[in-house]
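Numbering (the working numbering), first residue to last: 5 to 307.
Please read the structure below before turning to the comments.
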Amino acid sequence: MRLPFLFALIWLGLTALASAQENAQLKIGGGTIDISFDPPPSAPLRQLVLDWIATAARAVTTYYTKYPVPHVAIAVSFHDGEGVDSGRAFGWEHAHISISVGSATTAADFADDWTMTHEMVHLAFPSVPRSHHWIEEGLAVYVEPIARARSGDLTPQKVWGDMVDAMPQGLPKANDRGLDFTHTWGRTYWGGALYCLLADVEIRKRTGNRMGLEDAVRGIQKSGGSIEVEWPLERALEAADQAVGVSVLEDLYNRMRATPVSPDLDQLWKELGVERQGKTVVFDDTAPLAAIRRAITEPQSKG
Ligand SMILES: [Zn+2]
5 MRLPFLFALI WLGLTALASA QENAQLKIGG GTIDISFDPP PSAPLRQLVL
55 DWIATAARAV TTYYTKYPVP HVAIAVSFHD GEGVDSGRAF GWEHAHISIS
105 VGSATTAADF ADDWTMTHEM VHLAFPSVPR SHHWIEEGLA VYVEPIARAR
155 SGDLTPQKVW GDMVDAMPQG LPKANDRGLD FTHTWGRTYW GGALYCLLAD
205 VEIRKRTGNR MGLEDAVRGI QKSGGSIEVE WPLERALEAA DQAVGVSVLE
255 DLYNRMRATP VSPDLDQLWK ELGVERQGKT VVFDDTAPLA AIRRAITEPQ
305 SKG
């Protein structure tokens, strides 16, 4: 009886050891991140993936002041080649993210990648009905580069240059309706991001630049909002507006939900003091909203 029992113990021990090597756990910003790999990667690739996940987790923690959920499970699969794709965030039953990593992905590729941070931003916002999918994607598109700039992983020039280049994709095209009614890729991802940019600037204008969109979305977090709960959109916007003390998100939603709104982006970049000059971006610190632009992408000191 003793020997088989001992064998069983050894076998159990080895199995536990094997799965411990395939899985990993990170604790960042008060959140526990359980990572599973399928199939198990090489040791160097495994370390690159863990560093990449930790960097993204620190960026969203900087933006939200804490990790958006107490626990998330991240399932990492692998494909041939370079780069990251198929990132998805889910709240059903519990917060989880699935993502596919190319087995030839380099440290530089991971440093350039936006998807892991994007998926983690999704964890912070409640699941809302399908017609409002633009706010889920728009917030992730808008917050991702700003969170990475705040944590020192992207320069403000890169963030604003990309915004100048990409934001026009969110403007309504001929026959487009408001954000709740036109569900094209451009209106969903960049129309939603445009809503967030306009809200961020407006909150800062109305609060003397003391508060921004991050304070509004932290208010949603404090009210118990996360991907794990289903809320009507109005409840999330109300919690956000209450946190900053000005009714910006609700008013802007009422303006943009059913009507195609086309703000003058060139004028907005000028007021923010952002000018695209070929491949570089030049900031004008004498522009009327320069302080607001600086506050949005200023790196935070790491505490
Ligand atoms: Zn997304």
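Note that beta-carbon positions come from the ideal geometry of N, C-alpha and C, so glycine has one too.
No heavy atom of ligand 1 is found nearer than 6 Å to the CB of A128. As computed with DSSP, I300 is found in no beta bridge at all.
Beyond the five residues adjoining it in sequence on each side, K70 comes within less than 6 Å, by CB distance, of G33 and G34 in the same chain, given in chain order. For L30, no alpha helix (DSSP H) run applies; the uninterrupted beta strand (DSSP E) run containing it begins and ends at N27 to I32, by DSSP. Segment contact: the region 49-57 against the region 103-111, three or more CB-CB distances shorter than 8 Å; contact assigned. Taking C-beta separations shorter than 6 Å and ignoring five residues to either side along the sequence, the partners of V88 in its chain run V105, D117 and T119, following chain order.
Listed in chain order, the non-local C-beta contacts of A203 below 8 Å within the same chain comprise L217, A220, V252, L253 and L256, local neighbours out to five positions each way being set aside. Note on the region 40-104: whole alpha helix (DSSP H) runs with a minimum of 4 residues are 47-68, in chain order. Ligand 1 has a heavy atom closer than 6 Å to the beta-carbon of E141.
As the crow flies, the alpha-carbon of L183 is around 15 Å from that of V145.
Counting the other Cβ atoms within 10 Å of the Cβ of E232 gives 16 or more, which makes it buried. Taking every protein chain shown into account, the CB of W189 has fewer than 16 other CB atoms within 10 angstroms, so this residue is exposed. Between A291 and E275, the C-beta spacing is below 7 Å. With the rule of 3 Cβ pairs closer than 8 Å, the region 267-286 counts as touching the region 158-167. With 16 or more neighbouring CB atoms inside 10 Å of its own CB, Q225 falls in the buried class. In the displayed model, E242 falls within a helix according to three-state DSSP. Residue state for E218 is assigned as helix, using DSSP reduced to three classes. Within the same chain, and ignoring the five residues on either side of L54 in sequence, the residues whose Cβ sits closer than 8 Å to its Cβ are A28, L30 and I39. Contact between I78 and L237 is ruled out by a C-beta separation of about 27 Å, above the 8 Å threshold. Y199 places its beta carbon less than 7 Å from that of G142.
For the set V147, A197, V80 and I150, the Cα lying nearest the Cα of P267 is the one of A197. Here I231 carries a coil assignment [DSSP, helix/strand/coil].
For F114, the enclosing alpha helix (DSSP H) begins and ends at A111 to D116. Counted as a single uninterrupted DSSP element, the alpha helix (DSSP H) harbouring Q161 occupies residues P160 to A170.
Closer than 6 Å to some heavy atom of ligand 1: that describes the Cβ of A144.
Residue nearest to A170 within the set S90, P149 and F185 is P149 (criterion: CA-CA distance).
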